[in-house]
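**Q** Residue numbers (the numbering used here), protein chains in the order written: chain B, 1 to 285; chain W, 286 to 581. Note that beta-carbon positions come from the ideal geometry of N, C-alpha and C, so glycine has one too. Sending over a structure as structure tokens; questions will come in a sec.
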């Protein structure tokens with residue numbers, strides 16, 4: 001009796017400690033963002049300590065006003081949205097059938113070869129792609145266009161999304177499709193009407209992850225987009241890079257908040273899909 | 286079976302293969318081809334074949350050596366830190382009483398914040414509000430314990446550590462998520478019978494749980510290593526490669542050489558060297574883990 005009771009009591013005391021640990025990690029995850037958001041609502045010249053950020057002294061919206069006016073937030077937001085949505089659309093249209101086709105390959109050798117190349121390209125250093133694209137786009141006049149950035153994002157996303165969708169398609173039992181074929185469905189019909197609806201959660205996860213990755217992407221846009229095609233990530237570096245950064249903590253914070261907060265709130269709302277998408281890519285079953 | 290043979294999988298695969306060839310294959314070949322030439326951005330028509338000359342120059346360049354060293358320290362630092370933190374958080378989350386509860390789901394949602402946070406903003410946030418020596422968050426917290434924090438990003442001795450911690454912060458959520466999911470696949474009966482045999486708590490973690498998820502640990506380590514290896518955004522916004530060149534990782538060196546110095550041949554030689562390093566790393570990993578064990 002005692003042998004079973006003692007561990008239980010120790011477990012309960014341990015439970016509080018374990019929750020404390022998890023709350024501590026939660027604080028580490030959100031504290032930097034919280035500090036920046038509070039800083040964005042302060043007169044820059046007043047930022048002198050962390051506790052002072054929590055008081056109402058020096059409260060102002062001026063940093064946001066400057067981000068919209070001088071920082072041209074709306075223009076860059078528009079580019080970010082066009083790039084992210086176009087990239088995710090193109091990526092899904094190409095990668096979903098591809099992943100489906102790979103799971104239907106009869107030869108295990110060919111299948112492994114393709115899966116291997118998808119995995120290998122997933123680890124490509126992005127600069128390897130960015131430099132030749134920079135040269136090529138300069139030659140054909142795609143530098144500084146949205147099309148160029150979208151193509152670069154296609155390259156960046158393809159391996160990841162194919163890998164993700166592979167896991168979802170592989171989980172469909174063969175009998176389902178065989179039954180559909182016996183009922184007279186065409187190969188495309190099987191894919192479109194039978195299999196696609198079955199991987200809808202995976203499709204949602206892919207779309208959400210692709211959007212987040214594109215929205216946050218900086219390197220390709222920095223190399224390839226001129227002013228007209230710049231997304232928010234490049235916009236903020238050009239905006240605050242030109243002036244004395246130290247003197248305008250508040251404006252950097254406000255602009256940063258305008259970029260980071262929408263995507264964080266979005267991720268919190270759809271976190272279920274992010275969790276399922278990322279786990280499907282790495283954990284069996 | 287005949288129904289399977291009627292299928293034409295290539296009709297579905299081919300568009301992807303072609304698109305991949307154009308946006309991934311062509312740039313990689315072009316990168317290697319350019320690395321064999323002397324090519325200046327402002328004299329694009331003047332492309333001279335120089336063979337492996339750029340690579341020879343590279344091997345003798347002290348800046349390249351410096352970058353290789355910081356990249357190795359940075360990548361391994363980020364990987365080790367994020368895998369350890371990920372294991373710690375995931376293990377606690379998957380203990381009895383927390384695993385599967387709505388509290389666990391709540392925590393997981395917020396643990397994703399660093400993962401979805403825009404990297405350049407994370408860098409700027411780190412520079413202005415976290416690592417700032419006088420007012421920043423880290424030194425404020427150290428001050429609460431009476432410690433006088435270092436200059437972090439300004440000092441050559443500490444800049445790399447702050448950069449590693451910042452990027453590991455961003456990488457850890459993926460590790461937490463995957464390890465938590467992997468730990469959940471361990472059958473409860475196995476842990477119960479182990480407990481009866483006297484292996485509970487820490488012992489179960491070290492002897493049963495961690496060995497069972499070793500492939501996931503290996504896979505995540507590879508993902509973190511390769512993703513830290515190619516990192517550009519966070520470092521660029523956080524330190525810009527400084528102070529001095531202490532945090533000038535290879536991706537930043539490629540930018541310095543290619544865009545700032547417009548030495549495209551050299552820049553492509555560096556980036557192609559990076560590609561070879563990643564390929565070797567992945568091959569070593571696949572030898573160790575065998576591809577068949579990777580999820581699918």
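Using a Cβ-Cβ cutoff of 7 Å, what residues of the stretch 20-46 of chain B are near chain W? List them in chain order.
**A** 21, 22, 25, 26, 29, 30, 31, 32, 33, 35, 36, 39
**Q** Under 9 Å, CB to CB, which of the residues in the stretch 122-141 of chain B have a partner in chain W?
**A** 122, 123, 124, 125, 126, 127, 128, 129, 130, 131, 132, 133, 134, 135, 136, 138, 139
**Q** Secondary structure at residue 329 of chain W, three-state DSSP: helix, strand or coil?
**A** Numbered from 1 along the second chain, position 44 holds the residue referred to as residue 329 of chain W. Three-state result, residue 329 of chain W: strand.
**Q** Using the Cα positions of residue 561 of chain W and residue 360 of chain W, report the straight-line distance between them to the nearest angstrom.
**A** Walking along the second chain from the start, residue 561 of chain W turns up at place 276. Walking along the second chain from the start, residue 360 of chain W turns up at place 75. Rounded to the nearest angstrom, the two C-alpha atoms are 16 Å apart.
**Q** Following the continuous alpha helix (DSSP H) through residue 318 of chain W, name the residue where it begins and the one where it ends.
**A** The sequence position of residue 318 of chain W within the second chain is 33, counting from 1. Here the alpha helix (DSSP H) through residue 318 of chain W covers 311-320.
**Q** Return the CA-CA distance between residue 274 of chain B and residue 461 of chain W, expressed in angstroms with no decimal places.
**A** In the first chain, residue 274 of chain B corresponds to position 274, counting from 1. In the second chain, residue 461 of chain W corresponds to position 176, counting from 1. C-alpha separation (whole angstroms): 13 Å.
**Q** Throw me the rounded Cβ distance for the residue 72 of chain B and residue 235 of chain B pair, which I believe falls under 8 Å.
**A** Taking the first chain and counting its residues from 1, the one referred to as residue 72 of chain B is at position 72. Taking the first chain and counting its residues from 1, the one referred to as residue 235 of chain B is at position 235. With 8 Å as the limit, residue 72 of chain B and residue 235 of chain B qualify as a contact, their Cβ atoms being about 7 Å apart.
**Q** What do you reckon, are the CB atoms on residue 51 of chain B and residue 422 of chain W nearer than 9 Å?
**A** On the first chain, position 51 is the one that residue 51 of chain B refers to. On the second chain, position 137 is the one that residue 422 of chain W refers to. No, Cβ-Cβ distance for residue 51 of chain B and residue 422 of chain W is not below 9 Å.
**Q** Under 9 Å between C-beta atoms, does residue 553 of chain W make it to chain B?
**A** Translated into positions along the second chain, residue 553 of chain W becomes position 268. At a cut-off of 9 Å between beta carbons, residue 553 of chain W contacts chain B.
**Q** Since residue 518 of chain W meets chain B, which of its residues come closer than 7 Å, beta carbon to beta carbon?
**A** The count along the second chain starts at 1 and reaches residue 518 of chain W at position 233. Neighbours of residue 518 of chain W on chain B, chain order: 218, 219.
**Q** Give me the Cα-Cα distance between residue 115 of chain B and residue 369 of chain W, rounded to the nearest whole angstrom.
**A** Counting from one through the first chain, the residue named residue 115 of chain B turns up at place 115. Counting from one through the second chain, the residue named residue 369 of chain W turns up at place 84. Rounded to whole angstroms, residue 115 of chain B to residue 369 of chain W spans 29 Å at the Cα level.
**Q** Please classify residue 545 of chain W as buried or exposed, where buried requires at least 16 other C-beta atoms within 10 Å of its C-beta.
**A** Counted from its first residue, the second chain places residue 545 of chain W at position 260. Label assigned to residue 545 of chain W: exposed.
**Q** Name the chain B residues that come within less than 9 Å of residue 503 of chain W, Cβ to Cβ?
**A** Position 218 of the second chain, counting from 1, holds the residue named residue 503 of chain W. Neighbours of residue 503 of chain W on chain B: none; closest Cβ ~11 Å, over 9 Å.
**Q** Roughly how many angstroms separate the alpha carbons of residue 286 of chain B and residue 212 of chain B, rounded to a whole number?
**A** Nothing about residue 286 of chain B can be read from this structure; chain B reaches only from 1 to 285.
**Q** Could you give the distance in angstroms between the alpha-carbon of residue 54 of chain B and the alpha-carbon of residue 424 of chain W?
**A** By one-based count along the first chain, residue 54 of chain B stands at place 54. By one-based count along the second chain, residue 424 of chain W stands at place 139. The straight-line gap from Cα to Cα measures roughly 17 Å.
**Q** Measure the alpha-carbon distance for residue 243 of chain B versus residue 256 of chain B and round it to whole angstroms.
**A** The residue given as residue 243 of chain B occupies position 243 in the first chain. The residue given as residue 256 of chain B occupies position 256 in the first chain. Confidence in residue 243 of chain B is poor, its pLDDT being 49 and thus under 50, which makes the residue's placement unreliable; the coordinate value appears in the next sentence. So the two alpha carbons sit approximately 16 Å from each other.
**Q** Does the Cβ-Cβ distance between residue 316 of chain W and residue 131 of chain B come in under 9 Å?
**A** Along the second chain, read from residue 1 onward, the residue named residue 316 of chain W stands at position 31. Along the first chain, read from residue 1 onward, the residue named residue 131 of chain B stands at position 131. Yes, Cβ-Cβ distance for residue 316 of chain W and residue 131 of chain B is below 9 Å.
**Q** I want to see whether chain W comes within less than 9 Å of residue 72 of chain B, judged by CB atoms only; does it?
**A** Position 72 of the first chain, counted from the start, is the residue given in the question as residue 72 of chain B. By this cut-off, residue 72 of chain B is not an interface position.
**Q** Taking residue 266 of chain B as the reference, give the member of B:207, B:239, B:223 with the closest Cα.
**A** Within the first chain, numbered from 1, the residue matching residue 266 of chain B stands at position 266. The shortest C-alpha separation from residue 266 of chain B is found at B:207.
**Q** DSSP has residue 42 of chain B in a bridge; who is on the other side?
**A** Taking the first chain and counting its residues from 1, one reaches residue 42 of chain B at position 42. DSSP, once it has assigned bridges, lists B:59 as partnering residue 42 of chain B.
**Q** In three-state DSSP terms, what is residue 334 of chain W?
**A** Indexing the second chain from 1 puts residue 334 of chain W at position 49. The answer is strand: DSSP assigns residue 334 of chain W an E or B state.
**Q** Rounded to whole angstroms, what's the CA-CA distance from residue 449 of chain W to residue 151 of chain B? Just pull it up for me.
**A** For the purposes of this step, residue 449 of chain W is taken as the residue at position 164 of the second chain. For the purposes of this step, residue 151 of chain B is taken as the residue at position 151 of the first chain. Distance between the alpha carbons of residue 449 of chain W and residue 151 of chain B: 31 Å.
**Q** Return helix, strand or coil for residue 390 of chain W, following the three-state DSSP convention.
**A** Counting from one through the second chain, the residue named residue 390 of chain W turns up at place 105. If DSSP states are grouped into helix, strand and coil, residue 390 of chain W belongs with the helices.
**Q** When you check each C-beta in the stretch 58-69 of chain B against every C-beta of chain W, which residues fall closer than 8 Å?
**A** none
**Q** Suppose the cutoff is 6 Å on Cβ atoms and the five residues either side in sequence are ignored; what does the same chain contact list for residue 378 of chain W look like?
**A** By one-based count along the second chain, residue 378 of chain W stands at place 93. Hits under 6 Å: 389, 465.
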